[in-house]
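In what follows, a structure is listed as structure tokens, so that the remarks can point back to it.
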Amino acid sequence: MTAIAARPLYLRRFPGRTTLVVGLTVVGLMLLAALAAPLIAPYDPVFQDGTARLVAPSAAHPFGTDNFGRDVFSRVIWAARVDLQIAFLGVVFPLVIGTTIGTVAGYFGGVVDAVFMRIVDVVLAFPYLVLIIAIIAILGPGLKSFYIALALVGWVSYARLIRSQILILKSADFVLAARSLGYSHSRIMFRHLLPNALISSIVFAMSDMVLVLLGGASISFLGLGVQPPTAEWGIMVAEGQGFITQALWMTMFPGLAILLLSFGFSLIADGLGEWLGVKE
Amino acid sequence: MKKPALLVVDDLSVEFTQRGGAPFGLGRRSLAAVNHVTLELRAGEALGIVGESGSGKSTLGRAILGLERASGGAVTFDGMRVSGGARADMERLRRETAMVFQDPYGALNPRMTAAQAIAEVLVVHRKVPTADIPARVDELLTLVGLRPELGARRPASLSGGQCQRVGVARALAVDPRLIIADECVAALDVSIQGQIINLFMELRESMELGLIFIAHDLAIVRRLCDRVAVMYLGRIVEEGPTEDVFRSPRHPYTASLISAIPEIDPDMVLAPHLLAGDPPSPMRLPEGCTFHPRCPKAQDICRSGQPPSERRSTGRRWTCILDTKTPANEPMEVS
Amino acid sequence: MTDPVLSVQGLSVETRDGVRLVDDLSFDLAPGEILGLVGESGSGKTVACRALMRLLPEPALRIADGRVALMGQDLVTLSEARMRGIRGRQLGMIFQNPTAHLDPVMRIGDQIAEAVRLHEGASRTDARARAVEALRQVGIPDPEARAGSYAHEFSGGMRQRAMIAIALACNPKVLIADEPTTALDVTVQAQILRLLMDLRDRQGVSIILITHDLGVVAQTCDSIAVLYAGRLCERGPKRGVLGAPAHRYTAGLIRCQPTSAGGEGMLDTIEGQPPAVSAMPKGCRFHPRCGAVIAVCNTHQPEQTARGPGHIAACHNPVADAAMTVSV
Numbered sequence: 026m027t028a029i030a031a032r033p034l035y036l037r038r039f040p041g042r043t044t045l046v047v048g049l050t051v052v053g054l055m056l057l058a059a060l061a062a063p064l065i066a067p068y069d070p071v072f073q074d075g076t077a078r079l080v081a082p083s084a085a086h087p088f089g090t091d092n093f094g095r096d097v098f099s100r101v102i103w104a105a106r107v108d109l110q111i112a113f114l115g116v117v118f119p120l121v122i123g124t125t126i127g128t129v130a131g132y133f134g135g136v137v138d139a140v141f142m143r144i145v146d147v148v149l150a151f152p153y154l155v156l157i158i159a160i161i162a163i164l165g166p167g168l169k170s171f172y173i174a175l176a177l178v179g180w181v182s183y184a185r186l187i188r189s190q191i192l193i194l195k196s197a198d199f200v201l202a203a204r205s206l207g208y209s210h211s212r213i214m215f216r217h218l219l220p221n222a223l224i225s226s227i228v229f230a231m232s233d234m235v236l237v238l239l240g241g242a243s244i245s246f247l248g249l250g251v252q253p254p255t256a257e258w259g260i261m262v263a264e265g266q267g268f269i270t271q272a273l274w275m276t277m278f279p280g281l282a283i284l285l286l287s288f289g290f291s292l293i294a295d296g297l298g299e300w301l302g303v304k305e
Numbered sequence: 000m001k002k003p004a005l006l007v008v009d010d011l012s013v014e015f016t017q018r019g020g021a022p023f024g025l026g027r028r029s030l031a032a033v034n035h036v037t038l039e040l041r042a043g044e045a046l047g048i049v050g051e052s053g054s055g056k057s058t059l060g061r062a063i064l065g066l067e068r069a070s071g072g073a074v075t076f077d078g079m080r081v082s083g084g085a086r087a088d089m090e091r092l093r094r095e096t097a098m099v100f101q102d103p104y105g106a107l108n109p110r111m112t113a114a115q116a117i118a119e120v121l122v123v124h125r126k127v128p129t130a131d132i133p134a135r136v137d138e139l140l141t142l143v144g145l146r147p148e149l150g151a152r153r154p155a156s157l158s159g160g161q162c163q164r165v166g167v168a169r170a171l172a173v174d175p176r177l178i179i180a181d182e183c184v185a186a187l188d189v190s191i192q193g194q195i196i197n198l199f200m201e202l203r204e205s206m207e208l209g210l211i212f213i214a215h216d217l218a219i220v221r222r223l224c225d226r227v228a229v230m231y232l233g234r235i236v237e238e239g240p241t242e243d244v245f246r247s248p249r250h251p252y253t254a255s256l257i258s259a260i261p262e263i264d265p266d267m268v269l270a271p272h273l274l275a276g277d278p279p280s281p282m283r284l285p286e287g288c289t290f291h292p293r294c295p296k297a298q299d300i301c302r303s304g305q306p307p308s309e310r311r312s313t314g315r316r317w318t319c320i321l322d323t324k325t326p327a328n329e330p331m332e333v334s
Numbered sequence: 040m041t042d043p044v045l046s047v048q049g050l051s052v053e054t055r056d057g058v059r060l061v062d063d064l065s066f067d068l069a070p071g072e073i074l075g076l077v078g079e080s081g082s083g084k085t086v087a088c089r090a091l092m093r094l095l096p097e098p099a100l101r102i103a104d105g106r107v108a109l110m111g112q113d114l115v116t117l118s119e120a121r122m123r124g125i126r127g128r129q130l131g132m133i134f135q136n137p138t139a140h141l142d143p144v145m146r147i148g149d150q151i152a153e154a155v156r157l158h159e160g161a162s163r164t165d166a167r168a169r170a171v172e173a174l175r176q177v178g179i180p181d182p183e184a185r186a187g188s189y190a191h192e193f194s195g196g197m198r199q200r201a202m203i204a205i206a207l208a209c210n211p212k213v214l215i216a217d218e219p220t221t222a223l224d225v226t227v228q229a230q231i232l233r234l235l236m237d238l239r240d241r242q243g244v245s246i247i248l249i250t251h252d253l254g255v256v257a258q259t260c261d262s263i264a265v266l267y268a269g270r271l272c273e274r275g276p277k278r279g280v281l282g283a284p285a286h287r288y289t290a291g292l293i294r295c296q297p298t299s300a301g302g303e304g305m306l307d308t309i310e311g312q313p314p315a316v317s318a319m320p321k322g323c324r325f326h327p328r329c330g331a332v333i334a335v336c337n338t339h340q341p342e343q344t345a346r347g348p349g350h351i352a353a354c355h356n357p358v359a360d361a362a363m364t365v366s367v
């Protein structure tokens, strides 16, 4: 037993390992590409070469150029920075807010729980994207508004998930033991209950990143998120749609990038879930 | 010289409300899980509480420590009233009492190592200076018979017996004067049970611990406890010095419980007169003596009227109406 | 002597990594015999019985070796389809936790009737009548009405009775009872044990009673097999094994059990704990916890030797015949 436990994690065999490793590799490579964008990207992502508009993929422009003569490959690489940030920040705020509210509501129950859960019901009554668009419309377009909108809307799923876990764990003996030892409510909630309830939320956050990424792309596509000329996959797809018959590469490559990153996150979510025994 | 009582439980009741079928709380019913229980425990004394499932023995243990809300009566710990008492009193109760649970794995946070679980108690109650915490944790682990290096392990990589020892070490970290152990060996293998029971016996002697040992295993209670209280449907039906109760049970329920213990004696076959039926639901208490539907000696007088009142003699008490030798409600002898 | 109804020879169960959870287990079960299979957690007693039923979670666990003959027919080599016909019909099984093994949304009577129709092709009305009869047999009061109840309307003891009724509805030859009373109160435990003995007397069913409680074994079984860390330590008639245990582990277990007769001071214990499956000790598997180790115990697995009629033990340094008597 101990011999197995002493082996580093990456050498151990556990269910879902292959899935997790492939997912981490995909996301890791994209993260690396984003960080090393100045080294990898052959051109400035916003530099417009008027002499080379809508050039098909070639040795000079591996993914071709767009209607302003910008290098699509460089833009896809630079856009990874923006999109990874969207996926990460778009999930972190709802995760933190939702987890805190869900923990408190589940632990105390009663009126606190009833109030928060009614708010959750109200938020869930509206279509997700419509609500986000409405909030951005009020706050004004831009990434900051997008994050605020996500935080205001996205926390409900996390709150519900954590709350259901807390409700199950609350009756466990180790919680009763903690009460019998005179531990404070906040210690029981955040030191004892939360670490045990968080696993399923982390798994959910990974699949949520896919949704946020696609949501971010849609928002930018509608002109409410990232503003041109910043490179972002959603905008690139939007800009390319007018040229889809002449220059398929303008939409195809950023689209593939979205697909690949989503694929990576899904694999991580699946692998983690299988490893930690979380059922969705 | 008689020691003063460490714990006095006076007429304690705990009620649970059961949600009814109808909306808006209609059809809600309440059941008395603990029904007017009175008990006393001295420092260094071990009291066994036995009974079938549903007898309310675990609820009683929790209510004593304020983990269940009492609906009536009082708990006094070391002269200080704690049930429904002030917050400061409750905090003192927490600092001087501890509980050990049935499920050795379930009672420990699966994400904390054994050493972390013990250290947490020391930190929260500021038992020792921060610098001395690791040494004290090792000392406690050694005290319960664990090698200190096991402290680095999480519950999942410890055996059931080892986890239970960690549970005891964590309880001892409080420096308790009272430990309530709720079925703390029921989930362990026979060869391991003895190890934990012996540990309790040693600790009791060396530390003057008051011990309330809740169990369904009467044989263990007989070995470990000075006094035993038998519960049926939330009430104590018999209480007294362990040896006396085992040798000459006064309540038919106690007698049935004792005869149901499976003995390792190849010549003994199952007792011919088994206690029939299941323990009834506390939702619908029978009229009269609550034990009468299962009692082999039940007569008409048992089936109606008020539940029998308590009878007492020389440190023992029991509630059976058929025992006419002792007058009811004779005041407890003061020795 | 009559032919055994069930004969297990050299049964071994292995994990995928080749660890033997049950190693070379042999015993015979006579018609109408109650055999107590005793051991602590991890002793392999439950795994052994799952293997008899061919209900191992393959491929994680598999039967590596051995023969299980039910009335002369080897079950180990039987096809899964044929095995399904044996289960329930000739081999019944009941479990520790009846709640988990009863269908919560199906009436108790229907669950029994289903078993009867499946295995014997009985008609609907016949099956229902058989179900009521089965409930009556296991001592459920008012069986006609109770057949229409659901599991949650039964108490713990009644659920275990219902489980037994399902297992016995098709009159199996052998009933395997895996810790059937561990979750029950002592008073209800006594009722269920009495029921099992009555059913043996009335229907002649042979029973393998898996338990960790020597007291239960002493009061109900005809013979006892003691397992430790996957190996058979001692096997024989109840009186021989409990009255004059030869294996040091058996003797230790008997001493550990507190008796209601009381006694003074510390309880006897067996120091240490059972070995992990991945780290089985060399030699006799019990030697690290044994108080009477001699040199050979560290290196060689003990052979089974006869201790009396039908009584065998696998111990290098057995308890001398008169040295150990049960204290009563």
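Chains as they are written, first to last, in my numbering: chain A, 26 to 305; chain B, 0 to 334; chain C, 40 to 367. Cβ coordinates follow ideal geometry from the N, Cα and C atoms, glycine included. Since the structure is predicted, the reported quantities are computational estimates derived from the model, not experimental observations.
Quiz item: Quick one, are the C-beta atoms of C:A154 and C:G187 less than 7 Å apart?
Solution: Counting from one through the third sequence, the residue named residue 154 of chain C turns up at place 115. Counting from one through the third sequence, the residue named residue 187 of chain C turns up at place 148. Using a Cβ distance threshold of 7 Å, C:A154 and C:G187 do not count as a contacting pair.
Exercise. Return yes when the Cβ of B:G144 is within less than 7 Å of the Cβ of B:L177, no when it is not.
Key: For the purposes of this step, residue 177 of chain B is taken as the residue at position 178 of the second sequence. For the purposes of this step, residue 144 of chain B is taken as the residue at position 145 of the second sequence. Contact flag unset, no.
Quiz item: Is B:S334 helix, strand or coil when you go by DSSP?
Solution: Start at 1 with the first residue of the second sequence, and residue 334 of chain B comes out as number 335. Low confidence applies to B:S334: its pLDDT is 33, below 50, so where it sits in the model is not reliable, and the reading given next is rough at best. Looking at B:S334 - three-state DSSP - the assignment turns out to be coil, as it is neither helix nor strand.
Practice problem: Name the one or two DSSP bridge partners that C:H350 has. | Solution: The count along the third sequence starts at 1 and reaches residue 350 of chain C at position 311. Beta bridge pairing from DSSP links C:H350 with C:G347.
Self-check item: Members of the stretch 152 to 179 of chain A near chain B, C-beta cut-off 7 Å
Solution: Near chain B, meaning a CB-to-CB distance below 7 Å, no residue of the stretch 152 to 179 of chain A qualifies.
Quiz prompt | Residues within the stretch 117 to 130 of chain B neighbouring chain A, beta-carbon criterion of under 9 Å | solution = Per Cβ criterion, the list reads E119, V120, V123 and H124.
Quiz item: Going by the CB atoms, is the gap between C:L248 and C:A405 shorter than 7 Å?
Solution: No answer is possible for residue 405 of chain C: it lies beyond the span of chain C, which begins at 40 and ends at 367.
Quiz item: Along chain B, in chain order, which residues have C-beta atoms closer than 8 Å to that of A:Y183?
Solution: Working through the first sequence from its first residue, we reach residue 183 of chain A at position 158. None at all; the shortest Cβ gap to chain B is about 19 Å.
Quiz item: List, in order along the chain, the chain B residues whose C-beta lies closer than 9 Å to that of A:N221?
Solution: The sequence position of residue 221 of chain A within the first sequence is 196, counting from 1. Those are N108, P109 and R110, listed as they occur along chain B.
Quiz item: Where does B:R110 sit, in a helix, a strand or coil, going by DSSP?
Solution: In the second sequence, the residue the question calls residue 110 of chain B occupies position 111. Correct three-state label for B:R110: coil.
Quiz item: Mind listing which residues of the stretch 77 to 108 of chain B have their C-beta closer than 7 Å to chain A's C-betas, in chain order?
Solution: Per Cβ criterion, the list reads E90, R93, R94, A97, M98, F100, D102, G105, A106, L107 and N108.
Practice problem: Pick out whichever of A:L206, A:G179, A:I102 and A:S196 has its Cα sitting closest to the Cα of A:P70. | Solution: Against the first sequence, residue 70 of chain A aligns to sequence position 45. Measuring from the Cα of A:P70, the nearest candidate turns out to be A:I102.
Self-check item: Environment of C:P143 [buried if 16+ CB atoms lie within 10 Å]
Solution: Residue numbering aside, residue 143 of chain C sits at position 104 when the third sequence is read from its first letter. Counting Cβ neighbours within 10 Å, C:P143 comes out exposed, since fewer than 16 surround it.
Exercise. Return helix, strand or coil for C:L74, following the three-state DSSP convention.
Key: Reading the third sequence from its first residue, position 35 is the one you call residue 74 of chain C. Of the three classes helix, strand and coil, the one that applies to C:L74 here is strand, per DSSP.
Exercise. Go ahead and pull the three-state DSSP assignment for B:M200.
Key: Locating residue 200 of chain B in the second sequence gives position 201, counting from the first residue. Note: B:M200 maps to helix in three-state DSSP.
Quiz item: Three or more beta-carbon pairs under 8 Å between the stretch 134 to 149 of chain A and the stretch 88 to 95 of chain A, yes or no?
Solution: Verdict: no, contact absent.
Quiz item: Among the residues of its own chain, which have a CB less than 7 Å from the CB of B:Q163, if the five just before and after it don't count?
Solution: Start at 1 with the first residue of the second sequence, and residue 163 of chain B comes out as number 164. For B:Q163, where only same-chain residues beyond five positions count, the Cβ hits under 7 Å are P103, C183, L187 and I195.
Quiz item: Along chain A, in chain order, which residues have C-beta atoms closer than 9 Å to that of B:V173?
Solution: Here residue 173 of chain B corresponds to residue number 174 of the second sequence, with the count starting at 1. Near B:V173 (Cβ distances below 9 Å), the residues of chain A are L206 and G207.
Quiz prompt | Beta carbon of C:S46 nearer than 7 Å to that of C:A90 | solution = Mapped onto the third sequence, residue 46 of chain C falls at position 7. Mapped onto the third sequence, residue 90 of chain C falls at position 51. No, these two residues do not count as a Cβ contact at 7 Å.
Quiz item: In three-state terms, what does DSSP make of B:V120?
Solution: Indexing the second sequence from 1 puts residue 120 of chain B at position 121. Shown here, B:V120 sits in a helix according to DSSP, grouped into three states.
Quiz prompt | A:T50 to C:S194 span [Cα, whole Å] | solution = Here the question's residue 50 of chain A lines up with position 25 in the first sequence. Here the question's residue 194 of chain C lines up with position 155 in the third sequence. As the crow flies, the alpha-carbon of A:T50 is around 54 Å from that of C:S194.
Quiz item: Touching or not, the stretch 169 to 179 of chain C and the stretch 45 to 65 of chain C, by the rule of three or more beta carbon pairs under 8 Å?
Solution: With a cut-off of 8 Å, the stretch 45 to 65 of chain C and the stretch 169 to 179 of chain C do not count as touching, because too few Cβ pairs lie within range.
Practice problem: Starting from C:M132, follow its DSSP beta bridges and name the residues at the other end. | Solution: The residue you call residue 132 of chain C lines up with position 93 of the third sequence. Paired residue(s): C:I215.
Practice problem: Put B:C224 into one of helix, strand or coil per three-state DSSP. | Solution: Within the second sequence, numbered from 1, the residue matching residue 224 of chain B stands at position 225. Residue state, collapsed to three classes: coil.
Exercise. With 8 Å as the C-beta to C-beta threshold (strictly closer), list the residues of the stretch 72 to 99 of chain C near chain B in chain order.
Key: Using a CB distance below 8 Å, the part of the stretch 72 to 99 of chain C facing chain B consists of E79 and S80, ordered along the chain.
Quiz prompt | Same chain, Cβ closer than 6 Å to C:Q228, five either side skipped, listed in chain order | solution = Your numbering for residue 228 of chain C matches position 189 in the third sequence. If we look at C:Q228 and ignore the five residues flanking it on each side, its Cβ neighbours are T220.
Quiz item: Would you call the stretch 220 to 237 of chain A and the stretch 254 to 261 of chain A touching, i.e. three or more CB-CB distances under 8 Å?
Solution: Taking a cut-off of 8 Å on C-beta distances, the stretch 220 to 237 of chain A does not touch the stretch 254 to 261 of chain A, as fewer than three cross pairs fall below it.
Quiz item: When burial is assigned at 16 or more other CB atoms within 10 Å of the CB, is A:K304 buried or exposed?
Solution: For the purposes of this step, residue 304 of chain A is identified with residue 279 of the first sequence, where counting begins at 1. Caution applies to A:K304, whose pLDDT of 44 falls short of 50 and renders its modelled position unreliable; the value that the coordinates give is listed next. Exposed.
Quiz item: Can you find a C-beta in chain A that's less than 7 Å from the C-beta of B:P330?
Solution: Counting from 1 along the second sequence, the entry for residue 330 of chain B is found at position 331. Annotation note: pLDDT 40 at B:P330 (below 50); position unreliable, coordinate value reported separately. It does not; no Cβ of chain A falls within 7 Å.
Exercise. Can you have a look at A:S225 and say buried or exposed, based on whether 16 or more other CB atoms are within 10 angstroms of its CB?
Key: Taking the first sequence and counting its residues from 1, the one referred to as residue 225 of chain A is at position 200. Around the beta-carbon of A:S225, 16 or more other beta-carbon atoms lie within 10 Å, marking it buried.
Practice problem: For B:A106, count neighbouring Cβ atoms within 10 angstroms of its own Cβ and tell me buried if that reaches 16, exposed if not. | Solution: Taking the second sequence and counting its residues from 1, the one referred to as residue 106 of chain B is at position 107. So B:A106 counts as buried.
Quiz prompt | Beta carbon proximity, C:S194 to chain B, threshold 7 Å | solution = By one-based count along the third sequence, residue 194 of chain C stands at place 155. At least one chain B Cβ lies under 7 Å of C:S194.
Practice problem: Using only alpha-carbon positions, find the residue among C:L223, C:A168, C:P70 and C:P98 that is nearest to B:P278. | Solution: Against the second sequence, residue 278 of chain B aligns to sequence position 279. Looking at the Cα atoms, C:L223 is the closest of the given residues.
Quiz item: Alpha carbon to alpha carbon, how far is B:A218 from C:G254?
Solution: For the purposes of this step, residue 218 of chain B is identified with residue 219 of the second sequence, where counting begins at 1. For the purposes of this step, residue 254 of chain C is identified with residue 215 of the third sequence, where counting begins at 1. Rounded to the nearest angstrom, the two C-alpha atoms are 11 Å apart.
Quiz item: Nearest to C:A201 by alpha carbon, out of C:L141, C:D42 and C:E183?
Solution: On the third sequence, residue 201 of chain C is found 162 positions in, with the first residue counted as 1. Selected option, being the one with the closest Cα: C:L141.
Quiz prompt | Reference A:I161, options A:L249, A:D138 and A:W300, closest by Cα | solution = Residue numbering aside, residue 161 of chain A sits at position 136 when the first sequence is read from its first letter. Nearest in C-alpha terms to A:I161, of all of A:L249, A:D138 and A:W300, is A:L249.
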